[in-house]
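**Q** Its first residue numbered 623, the sequence shown is counted upward by one per residue in the working numbering. Backbone N, C-alpha and C define an ideal beta-carbon position, used for all residues, glycine too. Fair warning: this is a prediction, and the values are worked out from it, not measured in the lab. I have a structure here, written as structure tokens, and I will follow up with some questions on it.
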Amino acid sequence: MTTPSNTDQRPVRPVVAIIGGGFTGAACAFHLAGTLPDGLARIVVFEPRSMLGGGLAYDTAERAHRINVPAALMSLVPDEGDHFQRWLEGSGVLAADPDAVTPGGLVFARRSAFGSYAAASLAPLVESGAIEHCRDPVRKVAATRAGRWTIEAGDGGALEADIVVIATTHPSPSPPSMVDRALSGHAGYIPDATVPRALVDIGRDDRVLIIGMGLTAADVIATLDAGGHRGRITAVSRRGLRSRGHNLSPQEPFGEFADPPSRSARALLRRVRDSVAVAEASGLSWHAVFDQLRKQGGDIWRALPIVERRRLVRYLRPFWDVHRFRIAPQVEAIIERRLADGTLSFHAAAIAGVKRSGGGAVSVDFRPPHARQPFQEQYDSVVVTTGPAHGAVLSSQSFLKGLSDAGRLQPDAVGLGIAVDGQSRAIDATGQVADNLYIAGPLARGTFGELMGLPQVVNHAAFVSESIASRVRSLASLPCPSR
């Protein structure tokens, strides 16, 4: 990469730089390349991984990690809902994974399969040059005097871009401070279970404590089981809520939550409870209600005042997460089997104390809710699966911190990511919108609400790409400077 010789002039082709080539960034690049005429813009995706589209979620070698929704609902192309399932069948990947198919015929593929599908979908665009894949990490992004952006990469090179899209992943989990202080450096302490091969040193008979009970915890249990682990696993969280499974019987989404909209978290909760009761009386499960909530999530979120969004996140989000983000049937079967044979247990409790004890073991004091009797347990390994540290987004990477320090980015008002406007453009520390700096994917959920499920991420990526394409066309229509 080289910096244009005259930073005050626009290049012949507008340059769009997408920082992050996981699924969100790949989807943005895919849709932008498909929307713009060939050669109208230069699209550069910064992603250190060897493939585009995998990211933290789908670039995994763990065979036990499965997508938690049916393949027929996963697609890079919004108008072709079965795009991924057709690829699975046509590529032979599904034939090599017969366990992916449930008795009812639904397909829950391995997460790595979806990463391969995304990479295969982008490969022709990379090979043709419509998309450039730069594997150097981004160190710094800074505004130029001409209103463009300079992107400094890890190799020392730089790229000047007319438009920048930040499509990076969530920050790593933030372990409970008490646990981190006591166990930092301990051989059995795993502060981030999402790191590749994080669990490889856990022994087959180790007593394992998992802090957190969501999807990552389920992945940890499935991974340990697939590796032959037979020791005792304990998962703990303050509320004792664990991710639920699917109802595999066909159900249409049920309920109405956007018209009229709820104006408070309490009113929304009451409405959901009433809808679940009506659904159950009609022979439907709660899954149908939450499927409707997911479909109307953006409208529901936008109708809530900021203070009510904060209340929802603080008080109701844990309940939403365990019903919304369900585990694959294959993973659920592993959990149920381990529960039945007594090698897995779930507890609602706070961690009251942690200390190292003899022989490398860890002693943990638990404080259950409702004044129940505290108890103590011994473990060989402690794994943190508490979810992303949303409050640390702007300090999680050096280029984000630099933009934040320069006042170009600020946290959103709810504490879920980065502040953006209705077009997903960044709002700076003075409240001004940067019309050529976009935030794509889950980091924009403070404004857009439901942006964690893949269909919502795809739709948002397509939405952002349309906005970028309009700006690119405007830039391309301007007279080019003489060379």
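Going by C-alpha distance, which of THR657, SER738, GLY810 is nearest ARG978?
**A** GLY810
**Q** Give the single residue among ILE832, LEU662, GLY644 whose Cα lies nearest to the Cα of PHE968.
**A** ILE832
**Q** Should ARG1105 be labelled buried (16 or more other beta-carbon atoms within 10 Å of its own) or exposed?
**A** At ARG1105, the pLDDT of 35 sits below 50, so the modelled position is not reliable; the number obtained from the coordinates is stated separately. Result: exposed.
**Q** How many whole angstroms separate the CB atoms of ALA1134 and MET835, which I take to be in contact at a CB cut-off of 8 Å?
**A** Residue coverage of the chain in this structure runs from 623 to 1105, which leaves residue 1134 outside it and unanswerable.
**Q** So, helix, strand or coil for ALA752, using DSSP?
**A** coil
**Q** So, with DSSP's three-state summary, where would you put GLU774?
**A** strand
**Q** Which one or two residues does DSSP pair with GLU999 in a beta bridge?
**A** VAL986
**Q** Drop a sphere of 10 angstroms on the beta-carbon of PRO781, count the other beta-carbons inside from all chains shown, and report buried for 16 or more, exposed for fewer.
**A** Before going further, note that residue 781 is Leu rather than Pro in the sequence given. Classification for LEU781: buried.
**Q** If you reduce the DSSP assignment to three classes, tell me which class PHE947 lands in.
**A** coil
**Q** Here's the rule I'm using: 16 or more other beta-carbon atoms within 10 Å means buried, otherwise exposed. How should PHE941 be labelled?
**A** With fewer than 16 other Cβ atoms from the protein chains shown falling within 10 Å of its own Cβ, PHE941 counts as exposed.
**Q** When the distance is taken between beta carbons, is HIS851 closer than 8 Å to ILE824?
**A** yes
**Q** By a C-beta neighbour count over all protein chains shown, 10 Å radius and 16 as the cutoff for buried, is GLY644 buried or exposed?
**A** buried
**Q** So, at 6 Å on beta carbons, what are the nonlocal neighbours of THR624 in its own chain, with the 5 sequence-adjacent residues on each side left out?
**A** Note that THR624 scores a pLDDT of 43, beneath 50, so its modelled location is shaky and nothing firm can be said.
**Q** So, for GLY877: in the same chain, excluding its five sequence neighbours on each side, which residues have a beta-carbon less than 6 Å away from its beta-carbon?
**A** SER897, VAL911, GLN914
**Q** So what's ALA972 in DSSP terms, helix, strand or just coil?
**A** strand
**Q** Taking the beta strand (DSSP E) that LEU781 falls in, what are its first and last residues?
**A** In this chain, the beta strand (DSSP E) harbouring LEU781 covers 780-783.
**Q** Give me the Cβ distance between GLY737 and ASP777, rounded to the nearest whole Å; I'm assuming they're in contact under 8 Å.
**A** Actually they are not in contact, since the Cβ atoms of GLY737 and ASP777 sit about 25 Å apart, beyond 8 Å.
**Q** Extract the residue ranges of the alpha helix (DSSP H) inside the stretch 856-941, only unbroken runs of 4 or more that lie entirely within it.
**A** 887-903, 908-917, 919-925, 928-933
**Q** Since GLY1068 and GLY919 should fall inside the 8 Å C-beta cutoff, what is the C-beta to C-beta distance between them, to a whole number of angstroms?
**A** Not a contact, Cβ separation roughly 13 Å.
**Q** Considering only the alpha carbon of each residue, which of ARG1095, VAL1080, LEU716, ILE973 lies closest to GLU702?
**A** VAL1080
**Q** Relative to the C-alpha of ALA1062, which residue among VAL699, ASP1050, ALA651 is closest?
**A** ALA651
**Q** Rounding to the nearest angstrom, what Cα-Cα distance links LEU678 and PRO793 in this structure?
**A** Linking LEU678 to PRO793 through their CA atoms gives a straight-line distance of about 11 Å.
**Q** Under a Cβ-count criterion, where at least 16 other Cβ atoms within 10 Å of its own Cβ denotes burial, should ARG1047 be classed as buried or exposed?
**A** So ARG1047 counts as buried.
**Q** If we count Cβ pairs, one from each stretch, closer than 8 Å, do we get three or more for the stretch 704-711 versus the stretch 654-671?
**A** Touching, no, given that fewer than three Cβ pairs across the two stretches are closer than 8 Å.
**Q** How about ALA950: is its C-beta nearer than 8 Å to some C-beta of chain C?
**A** Checking the listed chains, one finds no chain C in this structure; it contains a single protein chain.
**Q** So who's on the other strand from TYR1060, going by DSSP bridges?
**A** VAL787, ARG1047
**Q** I'd like to check one pair, ASN690 with PHE947: are the Cβ atoms closer than 8 Å?
**A** yes
**Q** Could you pull the start and end residues of the beta strand (DSSP E) that VAL729 belongs to?
**A** No beta strand (DSSP E) holds VAL729; DSSP gives it neither H nor E.
**Q** In whole angstroms, give me the CA-to-CA distance for VAL760 and PHE1021.
**A** 7 Å
**Q** Would you tell me roughly how many angstroms separate the C-alpha atoms of GLY676 and ALA683, rounded to the nearest one?
**A** Taking the straight line from one Cα to the other gives about 11 Å.
**Q** I need the straight-line Cα distance from PRO746 to ALA731, nearest angstrom please.
**A** 23 Å
**Q** For GLU874, count the other beta carbons within 10 Å of its own beta carbon; 16 or more makes it buried, fewer makes it exposed. Which is it?
**A** exposed
**Q** Taking the alpha-carbon positions, what's the GLY964 to LEU695 distance?
**A** 35 Å
**Q** Looking at the secondary structure, which residues open and close the alpha helix (DSSP H) in which ILE824 lies?
**A** No alpha helix (DSSP H) holds ILE824; DSSP gives it neither H nor E.
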